[in-house]
Amino acid sequence: MDDMTTLTSTIPCTRRLLRKLQENIEWARMKFKPSKSRSLSVVKGKLSDQRFYIGEEPIPTVAEKPIKSLGRWYDATLKDTVQVEQLRQDTISGLQSIEKTMLPGRLKLWCLQFGLLPRLMWPLTIYEVPISKVDKLERLVSSFARKWLGVPRCLSNIALYGKGILELPLSSLTEEYKSTKVRLQMMLTESRDPCVAKTAPTLSTGRKWTPAAATHQAKSALKHRDIVGAVQRGRGGLGLGESEPSWHKASPAQRRGLVVEEVRREEQAARCAKAVSQGKQGQWMRWEDVEKRKFSWKEIWDMEAFRTSFILRATYDVLPSPQNLNQWYGEDPTCHLCPSPANLKHILVACKTSLTQGRYTWRHNQVLKCLAAALESRRTVINALPSPSVLSASSGQFVREGEKPPKTRQPKPETGHLGAARDWRLLVDLEQRLCFPAEIAPTNLRPDLVLWSPSIRSVYIIELTVPWEDNVGEAYERKKLRYAELAADAEQRGWKATVRPVEVGCRGFVGRSVPGLLKDMGIRGQAQQQTIKALSSAAERASQWLWIRRRDNSWAPK
């Protein structure tokens with residue numbers, strides 16, 4: 001036994017209790033330390049200076065010496081005002097200490113995420129901190145985070161903490177505060193100890209948001225989800241969605257986790273609702289045909305500081321383009337290469353001078369090289385495998401009468417749609433002008449990649465586009481229609497022709513057609529993720545170079 005807390009209703013009861021405790025402790029050959037003990041007397045709602053003794057030594061009152069018990073400070077005010085102010089000061093001093101280090105910005109962010117924020121969560125949990133104070137602390141933290149990321153102050157918090165189109169490994173202080181309070185609310189009200197559950201205190205968080213109301217709303221949403229059942233999300237087939245645990249089958253610990261996840265989901269929904277109203281930084285809400293990106297700490301550490309800053313600013317359109325500078329400072333909005341007004345879209349995909357000089361073609365070829373390298377590697381692996389007839393013959397094994405077949409199975413190679421042949425050929429429209437194979441169909445069209453097998457008379461016509469992310473769906477339909485007639489001519493000649501347009505956005509967001517193509521080619525799992533990262537990196541690096549050279553009238557590829 002180390003600490004003991006006693007609670008009585010009258011002064012005589014307290015004195016008798018202290019006297020009896022002292023007798024028992026002395027009988028056990030132990031001793032109280034009055035100097036480390038504290039007394040607190042409340043009479044008619046006001047603090048009293050009543051003093052108690054252990055033996056002849058007085059016990060200091062809380063007014064004389066504030067005490068810390070179970071991580072919480074108690075003083076004469078019986079309020080958390082001083083602790084809330086101390087929390088603000090600790091936050092400022094922690095941010096300034098990180099700022100004074102000689103570390104690069106990405107390592108300062110890591111110190112913020114894993115050093116300072118965990119230290120702030122315990123005071124936010126135990127003290128009665130209003131949600132408005134937490135919002136102010138988050139704005140303070142966000143200002144330093146923007147500085148360390150190299151992004152302007154106008155960048156919304158949605159870009160820092162949102163789980164939208166581009167997710168950073170940063171935690172929102174407000175979201176963590178709400179999650180912690182909701183978890184604490186459920187631990188108190190649903191405790192196994194009936195005394196704790198019946199006397200659970202009301203968690204005070206201000207008038208804007210309360211844990212009790214948030215918990216009730218989250219529970220109602222989870223129960224309603226059980227009634228509705230599993231619904232299909234996205235464009236996948238039936239049964240391909242993620243399964244979610246059921247509320248009525250969950251244990252108490254699982255229910256707390258479900259409620260916390262629901263609160264986080266509501267926070268993300270609020271961010272999305274705010275992003276819809278943002279005409280510039282909320283443009284990503286219209287990107288329906290691209291895959292989301294999620295940065296890990298390893299990726300941030302491996303990136304140059306300017307590259308991370310460019311990706312964030314380009315995604316949310318806060319780069320200093322001529323039109324943005326005109327809006328911010330009244331500068332000339334004209335493009336440096338042509339007389340048209342220049343926003344970010346104009347510079348990256350719509351400038352006629354850049355198109356004539358071959359800047360966009362150079363970027364397209366950089367991405368095409370990555371895609372061609374992945375498909376060529378896969379083609380080489382497939383062609384080196386035994387023929388399909390040998391594989392099917394080796395799959396059957398003779399088993400003698402009375403014996404059992406061996407349980408060990410050799411894993412079959414992942415071949416995708418290419419497994420039916422071993423004579424695949426690949427043409428790429430890069431250094432040399434591509435001529436479509438005359439044995440398939442005569443045409444003047446030049447698709448970016450042609451993958452065909454003479455033995456099974458199958459051909460894949462692959463066309464790559466590096467569009468503005470808003471136009472990914474339109475680019476897919478346009479390229480699909482462009483090569484539809486060529487595919488029909490090939491089919492009339494006895495070939496099985498498949499047109500596969502693929503899109504990689506100019507800011508590095510790949511279209512949904514890219515994972516589908518790689519999967520059909522047998523590129524799955526980690527290999528698929530690495531290929532997608534390579535395509536995304538090639539597009540964003542090339543666009544970054546175009547952005548750097550936006551003022552140069554002459555053009556030389558990097």
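In UniProt numbering, the protein residues as written are 1 to 558.
Where is the CB? At the ideal position from N, CA and C, for every residue including glycine.
For Arg400, count neighbouring C-beta atoms within 10 Å of its own C-beta (all shown protein chains included) and say buried if the count is 16 or more, exposed if not. exposed
Any contact of the region 144-156 with the region 102-114, i.e. 3+ C-beta pairs under 8 Å? yes
Can you give me the Cβ contacts of Lys345 inside the same chain, cut-off strictly under 7 Å, excluding the 5 residues immediately before and after it? Trp468
Would you decide whether Gln89 is buried or exposed? Buried here means 16 or more other CB atoms lie within 10 Å of its CB. The residue is exposed, with fewer than 16 neighbouring Cβ atoms inside 10 Å.
Quick one: measure Cβ to Cβ for Thr180 and Leu124, integer angstroms, because I've assumed they're closer than 8 Å. 7 Å
How many Å lie between Arg507 and Ile165 at the Cα? 12 Å
Name the residue from Cys195, Ala214 and Asp193 whose alpha carbon lies nearest to the alpha carbon of Leu203. Ala214
Please state whether the Cβ-Cβ distance between Leu449 and Leu427 is less than 8 Å. yes
Let me check understanding here. Comparing Cα to Cα, which of Cys351, Ile131 and Gly330 lies closest to Pro339? Cys351
Does Thr356 come out as helix, strand or coil in the three-state DSSP assignment? Reduced to three states, the DSSP call for Thr356 is helix.
If you reduce the DSSP assignment to three classes, tell me which class Leu17 lands in. helix
Where does Cys370 land, buried or exposed, given buried means 16+ other C-beta within 10 angstroms? buried
Verify whether the separation of the beta carbon atoms of Gly522 and Arg378 is less than 8 Å. yes
Alpha carbon to alpha carbon, how far is Thr6 from Cys13? Give it in angstroms, no decimals. 11 Å
Three-way DSSP call (helix, strand, coil) for Arg482 in this model: helix
At 3 residues or longer, and completely inside the region 437-503: list those beta strand (DSSP E) runs for me, N to C. 449-453, 458-465 and 496-503
Taking contact to mean at least 3 C-beta pairs separated by less than 8 Å, is the region 114-129 in contact with the region 170-189? yes
Would you say Pro104 faces chain C, with C-beta separation under 8 Å as the test? The structure shown contains no chain C, having only a single protein chain.
What's the call for Tyr329, buried or exposed, on a 16-neighbour Cβ count within 10 Å? It is exposed - the Cβ of Tyr329 has fewer than 16 other Cβ atoms within 10 Å.
Based on Cα-Cα distance, which residue from Phe310, Pro333, Thr315 and Leu155 lies nearest to Ser321? It is Pro333.
Residue from Gln268, Leu222, Thr189 and Val129 whose Cα sits closest to the Cα of Lys163: Gln268
Return the chain-ordered list of same chain residues with a C-beta closer than 7 Å to the C-beta of Gly494, the five sequence neighbours on each side being excluded. Arg457
So what does DSSP say about Ile158, is it helix, strand or coil? helix
Taking DSSP as the reference, what is the three-state secondary structure of Ser9? In the three-state reduction of the DSSP assignment, Ser9 falls in the coil class, being assigned neither a helical nor a strand state.
Which residues in the same chain as Glu463 place their Cβ atom closer than 6 Å to its Cβ, once the five residues preceding and following it in sequence are excluded? Pro447, Asp448, Lys479 and Pro501
Whole-number beta carbon distance between His364 and Asp520, since they are thought to touch under 8 Å: Not a contact, Cβ separation roughly 22 Å.
Continuous beta strand (DSSP E) stretch holding Arg255: start and end: From DSSP, Arg255 is part of no beta strand (DSSP E) but of the alpha helix (DSSP H) over Pro252 to Val276.
Note the first and the last residue of the continuous beta strand (DSSP E) segment covering Lys68. Ile67 to Ser69
In three-state DSSP terms, what is Thr101? Thr101 falls in the coil class under three-state DSSP.
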